[in-house]
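Same order as they appear, the protein sequences are chains A and B. Per our numbering, residue 38 is the first one in the first sequence, and the count goes up by one each step. Per our numbering, residue 85 is the first one in the second sequence, and the count goes up by one each step. Where is the CB? At the ideal position from N, CA and C, for every residue including glycine. All values reported here derive from a predicted model rather than from experimental measurement.
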Amino acid sequence: MSILLHNPSQVASSLTALSDAYGNRFDLCIGMGDRRQLGHVGINVEKTNTFPAKVLQAKRKIASHLHDAGVKAMIWLGAQGPRTLAIARSFDGVLLNYSRPEMISWAIKQMGVRRKCGLKIGTYSPSYVHQRLQPRLIRRVKVSSAIVAVGATSQVLKEFGLYEKLRKARKMAVASPTIEDILADVPDEVVKNFSITMKATNLPAYLVELRRLGVNHIVFAYPQNYSIETVMELGKALGSRFSG
Amino acid sequence: MLDLGVMSNAPMSRILEIASALERRNVNGIWISEDIDQGSDIFVQASIMMLTARTKNVGICVTNLIARNISTIARAAAALREIDPARFRLSLGVGGLQNVPNPELTVEKPVAMLRDIVDALRRIWAGETLTIEGETIDLQQFLARYKTGFSIPLYLSMRDPSLLRPAARIADGVILSGPIPYLEKTVAILRTASQDRWSRPKLVFWLPTIVIQGRGDRRLAKTAAAAAIVGTPPSVLEMAEISEDNVMRVRMVAQARGYEAASGHVTDELLNSFTVSGDARYICQAFQSLAKLGADEIVFGPPYGNSLSRSIREIAKAWDRH
């Protein structure tokens with residue numbers, strides 16, 4: 038949940054309601070949110086240097102509310118840029134908005150944490166792990182990847198040689214209500230850089246690589262949940278991995 | 085039609101108990117009203133209610149409009165509608181905001197604010213791209229990223245008489261609470277204000293209701309009346325022809341020592357004006373009178389009575405007999 042869109046009391050009260058009804062089985066991830074979409078709803082995030090302090094303050098307030106309500110939940114930080122990554126150790130875990138192993142490795146270095154510090158490291162990426170490719174889902178995964186790429190900080194894009202390639206798209210995105218309007222100006226390589234898009238047979242090697250980096254939690258985000266079929270395809274890919 | 089009512093500060097165990105009772109009884113649905121900055125999130129409560137009472141209507145009265153981004157209200161409501169397009173209703177309220185001791189929540193132009201929010205929500209759900217730079221809304225080329233092209237019944241809940249006419253013109257429904265003589269007058273105002281419309285807004289009456297089965301229930305009823313008296317604006321008292329002198333003592337004691345202490349100063353006349361309380365048969369007769377006034381729905385509770393499940397059971401049975 039974006040702490041710029043929801044105040045700590047609202048975040049805590051949502052989690053409290055869910056936990057009261059269904060038990061202590063919810064985790065919470067807080068972060069800034071997609072800056073382009075925040076701009077559309079009247080929240081200007083031009084200056085991100087104050088964000089780490091804001092998110093830390095929000096985390097403390099939320100933790101205090103949850104403690105008072107007797108709710109037990111892990112609080113994760115949703116992070117991408119170096120300033121936010123630097124405060125990850127104050128959380129129970131960090132969900133990185135990256136999928137490519139080189140980028141994940143870079144992000145972990147930015148956090149400055151040792152391997153066995155107790156911090157859980159996860160990734161949250163647009164995903165399409167498939168056995169039978171559906172072209173329309175490739176477009177959907179490109180849209181989702183473009184949202185992440187266009188919303189990334191300049192520093193991150195420069196680090197990975199994507200700044201110039203995305204310059205036009207980022208400029209146009211400011212005035213476009215949807216990312217689909219600018220999709221033609223988003224290079225196809227954003228899918229490779231910002232999503233888990235691969236054949237099911239390639240998933241085991243990818244998971245081994247992430248585990249080697251210290252990642253112990255992976256969220257396969259939209260459009261993997263597009264249909265029961267796409268969820269089943271992922272399930273089968275994971276099933277063969279774990280049974281093997 | 086008979087609904088149940090609950091405040092968002094009720095513990096989740098009570099919400100679930102009411103949801104379960106709701107599903108078993110011959111009642112239309114439930115309205116949940118938000119207590120500002122108290123209790124659980126009202127949208128989450130509504131989703132739990134919709135999933136538990138699977139055949140009943142669920143409405144929420146959101147009062148904390150300023151602390152929420154309009155896009156968040158639109159999206160959360162859209163998600164609830166997705167559970168069942170026919171069962172969800174959204175009500176917006178500004179009635180309590182003037183009484184909140186938080187300058188950030190003060191509403192200077194409640195009529196304009198309500199009109200802007202209602203208009204923006206309808207256009208977001210219709211799938212329009214919106215740019216609005218208003219006092220309470222700031223959207224820049226905003227387009228909802230979920231499936232649009234639908235509407236959700238929008239109700240307005242208020243006690244300020246100055247909001248009645250605009251509400252009658254723009255809302256799909258109006259939720260009213262207050263002394264019974266006030267309700268009688270508001271119906272006439274609403275009818276006149278909405279006579280140019282193709283269909284008049286639905287009317288929902290919501291008064292504190294208590295099934296009296298013992299001395300404890302009577303004390304509970306008087307405490308509920310004290311709370312209602314304290315929350316009633318002077319303009320409403322004036323319309324109800326209730327003298328300020330009659331309620332002053334209740335207000336003073338409530339402020340100094342709380343509602344329970346103030347309940348000792350609630351006369352029978354005030355009790356009957358501000359609550360519907362008595363045995364189940366009497367309450368249903370009172371509800372019938374309210375229906376004759378023009379109410380499409382009447383909300384039963386809270387505080388219900390000392391035994392929640394027994395009170396709901398008795399009222400539902402008495403309502404069936406009517």
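Next on the checklist: Checking the sheet assignment: what are the DSSP bridge partners for B/S175?
Outcome noted: What you label residue 175 of chain B is simply residue 91 of the second sequence in a count that begins at 1. B/C145, B/Y239.
Next on the checklist: According to DSSP, is B/D222 part of a helix, a strand, or is it coil?
Outcome noted: The sequence position of residue 222 of chain B within the second sequence is 138, counting from 1. DSSP places B/D222 in strand when its eight states are reduced to three.
Item to check | Supposed close pair A/V252, A/I141 - CB separation, criterion 8 angstroms | outcome: As a position in the first sequence, residue 252 of chain A is number 215, starting the count at 1. As a position in the first sequence, residue 141 of chain A is number 104, starting the count at 1. With a Cβ gap of about 6 angstroms, A/V252 and A/I141 count as contacting.
Item to check | Contact list for A/N239 against chain B, beta-carbon separation under 9 angstroms | outcome: For the purposes of this step, residue 239 of chain A is taken as the residue at position 202 of the first sequence. What A/N239 touches in chain B: nothing, since even the nearest Cβ is about 30 angstroms away.
Checklist entry - Hey, A/Q47 and B/D119 are a contact pair by Cβ (cut 8 angstroms); roughly how many whole angstroms apart? => result Looking up residue 47 of chain A in the first sequence gives position 10. Looking up residue 119 of chain B in the second sequence gives position 35. Their Cβ separation, rounded to whole angstroms, is 13 angstroms, which puts A/Q47 and B/D119 out of contact at 8 angstroms.
Next on the checklist: What does the alpha-carbon distance come out to for the pair B/L247 and B/M336?
Outcome noted: Start at 1 with the first residue of the second sequence, and residue 247 of chain B comes out as number 163. Start at 1 with the first residue of the second sequence, and residue 336 of chain B comes out as number 252. Near 27 angstroms, if we compare the C-alpha coordinates of B/M336 and B/L247.
Checklist entry - Since B/Q372 meets chain A, which of its residues come closer than 9 angstroms, beta carbon to beta carbon? => result As a first step, residue 372 of chain B must be located in the second sequence, where it is residue number 288. Correct list: empty, because the minimum Cβ distance to chain A is about 35 angstroms.
Checklist entry - Would you say B/D222 reaches chain A, if we count a Cβ-Cβ gap shorter than 8 angstroms as a contact? => result Residue mapping note: residue 222 of chain B aligns to position 138 of the second sequence, counting from 1. Interface with chain A (8 angstroms Cβ-Cβ cutoff): B/D222 is included.
Checklist entry - B/G123 CB to nearest chain A CB: under 8 angstroms? => result By 1-based counting over the second sequence, the position of residue 123 of chain B is 39. Taking Cβ atoms only, chain A reaches closer than 8 angstroms to B/G123, which makes this a yes.
Checklist entry - Residues bridged to B/V288 by DSSP? => result Position 204 of the second sequence, counted from the start, is the residue given in the question as residue 288 of chain B. DSSP lists B/I259, B/E381 as partners of B/V288.
Next on the checklist: If we require 4 or more residues per run, which alpha helix (DSSP H) segments fall completely within the stretch 158-234 of chain A?
Outcome noted: Complete alpha helix (DSSP H) runs here, min 4: 172-188, 191-196, 200-210, 226-231.
Next on the checklist: I'd like to know if B/T156 contacts chain A, where contact means its C-beta is closer than 8 angstroms to some C-beta of that chain.
Outcome noted: Indexing the second sequence from 1 puts residue 156 of chain B at position 72. Yes, because at least one Cβ of chain A sits closer than 8 angstroms to the Cβ of B/T156.
Checklist entry - Tell me which same chain residues have a C-beta within less than 7 angstroms of the C-beta of B/L227, skipping the five on either side of it? => result Taking the first residue of the second sequence as 1, we reach residue 227 of chain B at position 143. T213, listed in sequence order.
Checklist entry - Do the stretch 361-368 of chain B and the stretch 264-271 of chain B meet, that is, are 3 or more Cβ pairs less than 8 angstroms apart? => result Contact fails: fewer than three Cβ-Cβ distances are below 8 angstroms.
Checklist entry - Count the other CB atoms within 10 Å of the CB of A/G287; is the residue buried (16 or more) or exposed (fewer)? => result Only positions 38 to 281 of chain A appear in this structure, which leaves residue 287 of chain A out of reach.
Checklist entry - Between A/W113 and A/G130, is the Cβ-Cβ spacing less than 8 angstroms? => result For the purposes of this step, residue 113 of chain A is taken as residue 76 along the first sequence, with counting starting at 1. For the purposes of this step, residue 130 of chain A is taken as residue 93 along the first sequence, with counting starting at 1. Result yes, Cβ atoms of A/W113 and A/G130 sit closer than 8 angstroms.
Next on the checklist: Need the endpoints of the alpha helix (DSSP H) that A/G115 sits in, please.
Outcome noted: Locating residue 115 of chain A in the first sequence gives position 78, counting from the first residue. Note, A/G115: premise wrong, no alpha helix (DSSP H); beta strand (DSSP E) at 112-116.
Checklist entry - Since A/L132 contacts A/G115 with CB under 8 angstroms, what's their CB separation in whole angstroms? => result As a first step, residue 132 of chain A is located in the first sequence; it is residue number 95 there, counting from the start. As a first step, residue 115 of chain A is located in the first sequence; it is residue number 78 there, counting from the start. Going by Cβ atoms, the distance from A/L132 to A/G115 rounds to 5 angstroms, so yes, they are a contact pair.
Next on the checklist: Am I right that B/T220 and B/D200 are in contact with their C-beta atoms under 8 angstroms? What's the rounded C-beta distance?
Outcome noted: On the second sequence, residue 220 of chain B is found 136 positions in, with the first residue counted as 1. On the second sequence, residue 200 of chain B is found 116 positions in, with the first residue counted as 1. About 7 angstroms; that satisfies the 8 angstroms criterion.
Checklist entry - Any idea what DSSP makes of A/L132, helix, strand or coil? => result Here residue 132 of chain A refers to the residue found at position 95 when the first sequence is read from its first residue. Note: A/L132 maps to strand in three-state DSSP.
Next on the checklist: Buried or exposed for A/R72, going by 16 or more other Cβ atoms inside 10 Å?
Outcome noted: The residue you call residue 72 of chain A lines up with position 35 of the first sequence. With 16 or more other Cβ atoms inside 10 Å of its own Cβ, A/R72 counts as buried.
Item to check | Helix, strand or coil at B/D352 [DSSP, three-state] | outcome: Translated into the one-based positions of the second sequence, residue 352 of chain B becomes position 268. In the structure shown, B/D352 adopts helical secondary structure according to DSSP, grouped into three states.
Item to check | B/N148 versus B/S373 - alpha carbon distance | outcome: Counted from its first residue, the second sequence places residue 148 of chain B at position 64. Counted from its first residue, the second sequence places residue 373 of chain B at position 289. Those two C-alpha atoms are separated by around 32 angstroms.
Checklist entry - Mind checking if A/L42 is an interface residue toward chain B, Cβ cutoff 8 angstroms exclusive? => result Here residue 42 of chain A refers to the residue found at position 5 when the first sequence is read from its first residue. Using a CB distance cut-off of 8 angstroms, A/L42 counts as an interface residue toward chain B.
Checklist entry - What does A/V268 reach in chain B if we use C-beta pairs closer than 8 angstroms? => result Working through the first sequence from its first residue, we reach residue 268 of chain A at position 231. By Cβ distance, chain B contributes nothing, its closest Cβ being about 18 angstroms from A/V268, past 8 angstroms.
Checklist entry - Where B/N153 and B/A160 are concerned, what is the direct C-alpha to C-alpha distance, given to the nearest angstrom? => result Residue numbering aside, residue 153 of chain B sits at position 69 when the second sequence is read from its first letter. Residue numbering aside, residue 160 of chain B sits at position 76 when the second sequence is read from its first letter. So the two alpha carbons sit approximately 11 angstroms from each other.
Next on the checklist: Measuring straight from C-alpha to C-alpha, what distance separates B/P386 and A/Y243?
Outcome noted: Counted from its first residue, the second sequence places residue 386 of chain B at position 302. Counted from its first residue, the first sequence places residue 243 of chain A at position 206. Their backbone Cα atoms lie some 56 angstroms apart in a straight line.
Checklist entry - Hey, quick one: how far does the beta strand (DSSP E) through B/T215 stretch, first residue to last? => result One-based indexing of the second sequence puts residue 215 of chain B at position 131. Secondary structure note for B/T215: its beta strand (DSSP E) is the uninterrupted segment 214-217.
Checklist entry - Quick one: what does DSSP say B/P95 is sitting in, helix, strand or coil? => result Here residue 95 of chain B refers to the residue found at position 11 when the second sequence is read from its first residue. B/P95 falls in the coil class under three-state DSSP.
Next on the checklist: Using C-beta distances below 6 angstroms, list every residue in its chain close to A/L240, excluding the 5 sequence neighbours before and after it, in chain order.
Outcome noted: For the purposes of this step, residue 240 of chain A is taken as the residue at position 203 of the first sequence. The residues are V166, A274.
Next on the checklist: Looking at chain B, is there any beta carbon in it that lies within less than 8 angstroms of the beta carbon of A/A54?
Outcome noted: If you number the first sequence from 1, residue 54 of chain A lands on position 17. Answer yes: the Cβ-Cβ gap between A/A54 and chain B drops below 8 angstroms somewhere.
Next on the checklist: Is any non-hydrogen atom of the ligand SAM found closer than 7 angstroms to the C-beta of A/K236, if you look at the structure I gave you?
Outcome noted: For the structure depicted, the ligand SAM is absent and the ligand set is empty, with no information on it obtainable.
Checklist entry - Which chain A residues sit within Cβ distance under 7 angstroms of B/M96? => result In the second sequence, counting from the first residue as 1, residue 96 of chain B sits at position 12. What B/M96 touches in chain A: A54, D57, A58.
Checklist entry - For chain A, is any of its Cβ atoms less than 8 angstroms away from the one on B/L100? => result In the second sequence, residue 100 of chain B corresponds to position 16, counting from 1. Interface residue, yes.
Checklist entry - Which parts of the stretch 276-348 of chain B are runs of the beta strand (DSSP E), unbroken and 3 residues or longer, counting only runs that do not cross its ends? => result Counting only runs of 3 or more, we get 286-295.
Checklist entry - Along chain A, in chain order, which residues have C-beta atoms closer than 8 angstroms to that of B/N153? => result Locating residue 153 of chain B in the second sequence gives position 69, counting from the first residue. By Cβ distance, chain A contributes L42, V78, G79, I80.
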